[in-house]
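Per our numbering, the very first residue in the sequence shown carries number 1; after that it's consecutive.
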Amino acid sequence: MRNETIPADSLFSNRMQGMTLAVIGQLRATANWHRVMSEWLYGSAPSSRLGVAEAGFFGRLAPPVMDDQRFRAFDTLEDYRRWCEANLPRFLGYYRV
1 MRNETIPADS LFSNRMQGMT LAVIGQLRAT ANWHRVMSEW LYGSAPSSRL
51 GVAEAGFFGR LAPPVMDDQR FRAFDTLEDY RRWCEANLPR FLGYYRV
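Structure below.
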């Protein structure tokens, strides 16, 4: 094995991958990692709230169509809030805390 060589880039990326997996294991993180990775490898739709927010930030997610009407009027602020919660993506911030 002393005569074998490995490219420095490959060695570095393998080490970083191992360290990342070690941290994820120690945190006992659970998720569907195949779906998370397929977002990057295959351009699949985001599979988590963080994935949706990240895709929106980096511009990989089309902006949501807020409404198909030119304008919308509400009788009360409560009606508006209910419409926002029912129709807008949560990452835009239109939800009750």
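Think of the CB as a built atom: it goes at the ideal place given N, C-alpha and C, for glycine as much as any other residue.
Keep in mind the model is a prediction, meaning the values are calculated, not measured.
C-beta atoms of residue i and residue j nearer than 8 Å
i   : j   : result
F74 : Y80 : yes
V36 : P89 : no
E39 : S47 : yes
F12 : R49 : no
The alpha helix (DSSP H) enclosing residue i, as first and last residue numbers
i   : result
A8  : A8 to Q26
D79 : L77 to N87
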